[in-house]
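First residue of the sequence shown? That's 2 in my numbering, and the numbers climb one at a time after it.
A virtual CB, placed ideally from N, CA and C, is assigned to each residue, including glycine.
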Amino acid sequence: VIVGIAVYYLFSLLLFIEDEDHLKKIAAYKVVEYVESGMVLGLGPGSTAKHVVDRIGELLRQGKLKDIDGIPTSKKTHEQALSLGIPLSDLNSHPVVDLAIDGADEVDPYLNLVKGRGGSLLREKMVEGACKKFVVIVDESKLVNYTGGSGLAMPVKVIQFCWKFTASRLQNLFQESGCVAKLRTLGEKAEPYVTDNGNYIIDLYFKQSIGDLKAASDSILQIAGVVEHGMFIDMATTVIVAGELGLNVKNK
Ligand code: 5RP
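Now the structure itself:
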């Protein structure tokens, strides 16, 4: 009986993962409709945006898209795009990006986002902050009533030097929201997770809402040692949400 129950739960989990990935793929295929030949594109990382990059590669191979310049926002996306033959560029050559497409970890009703649980947020913020249109694709599990209070991590990138000091300053900043600051680690040895730019990530966990996001952002950025945080306030122009009942497109 126990083996039977275990097999049932494993099977359900596999179906759930498969289903979630299917929703991400549907959103990814929809968002590619926003891409036109000749565009400079910001290409995000994450499991949802990965499908977008795959699809753009496919359309280029089929000749349905031409003259694309992609600006990847992580080393992994850079490698993926290169392997698909997507021409790559950067913000030095293209300070204005036509369209950026990316996933998110949380989306609130005002289309504010939390990003960075996958490890990238700095390059994303640079590229997505330089674009005319920023389209975010998520499955419906990412929708929250308010960001910075869902109980899940709010990532902050910090320089490695005296990171414990920076982490305690971050925790103290949000004492009233019951903040706990934790260094992100990897593997059994719990080695610090090192980002593409050689920084550490401090994940902030709040017991209750941090209130005004803009004020929270300003206070975080004032701490010396902080590089950037994962709140993307007022940046997304469109969010495409894939759910069981289909796609829901939310515009700013
Ligand atoms: C990477 C990110 C990702 O966009 C975010 O984690 C969403 O990823 P996924 O599409 O895999 O859920 O911010 O740091």
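With 16 other Cβ atoms within 10 Å as the buried cut-off, status of Ala225: exposed
Where does Phe166 fall in DSSP's three states? For Phe166, the secondary structure class from DSSP, reduced to helix, strand or coil, is helix.
Can you check which of these residues, Lys190, Ser75, Gly71 and Leu85, is closest to Gln63 by C-alpha distance? Nearest of Lys190, Ser75, Gly71 and Leu85 to Gln63, Cα basis: Leu85.
Near ligand 1: Ala243 beta-carbon under 7 angstroms from a heavy atom: no
Tell me which residue opens and which closes the alpha helix (DSSP H) that Leu66 is part of. From DSSP, Leu66 is part of no alpha helix (DSSP H); its letter is neither H nor E.
Which ranges would you report for the beta strand (DSSP E) in the region 110-185 if only whole runs of at least 3 residues count? 132-140, 155-159 and 181-184
Heavy atom of ligand 3 within 7 angstroms of Pro96 beta-carbon: Looking at this structure, you won't find ligand 3 anywhere; what it does contain is ligand 1.
Would Ala50 and Gly104 be called neighbours here (beta carbons separated by less than 8 angstroms)? Their beta carbons are under 8 angstroms apart, which means Ala50 touches Gly104 by this criterion.
Here's the rule: buried if 16 or more other CB atoms are within 10 angstroms of the residue's CB, otherwise exposed. What is Phe166? exposed
Proximity winner among Tyr206, Lys208 and Leu171, relative to Gln223 (alpha-carbon distances): The shortest C-alpha separation from Gln223 is found at Leu171.
Helix, strand or coil: how does DSSP classify Val195 here? coil
Given Thr196, which residues of its chain have a CB within under 8 angstroms of its CB, disregarding the five upstream and five downstream residues? Gly120, Ser121, Leu123, Lys158 and Ile202
Helix, strand or coil for Thr78, going by three-state DSSP, please let me know. helix
Given a threshold of 16 other Cβ atoms within 10 Å of its Cβ, counted over all protein chains shown, does His230 qualify as buried or as exposed? buried
Span separating the alpha-carbon of Ile241 from that of Lys143: 11 angstroms
Report the three-state DSSP secondary structure of Ile57 (helix, strand or coil). helix
Identify the continuous beta strand (DSSP E) that holds Lys251 and give its terminal residues. Gly247 to Asn252
Where His95 sits in the DSSP three-state scheme: coil
Give me the DSSP bridge partner(s) of Gly244. For Gly244, DSSP records a beta bridge to Gly247.
So who's on the other strand from Ala1, going by DSSP bridges? Lying before the first or after the last residue shown, residue 1 is absent from the chain, which here runs from 2 to 253.
Considering only the beta carbon of each residue, do Leu66 and Ser94 sit closer than 8 angstroms? no
What residues are listed by DSSP as bridge partners for Met236? BP columns for Met236 are empty, so no partner.
Opening and closing residue of the beta strand (DSSP E) in which Ile202 lies: Tyr201 to Tyr206
Helix, strand or coil for Leu214 per DSSP? helix
For Glu192, which residues in the same chain have their Cβ closer than 8 angstroms to its Cβ, ignoring the five residues on either side in sequence? For Glu192, where only same-chain residues beyond five positions count, the Cβ hits under 8 angstroms are Thr186.
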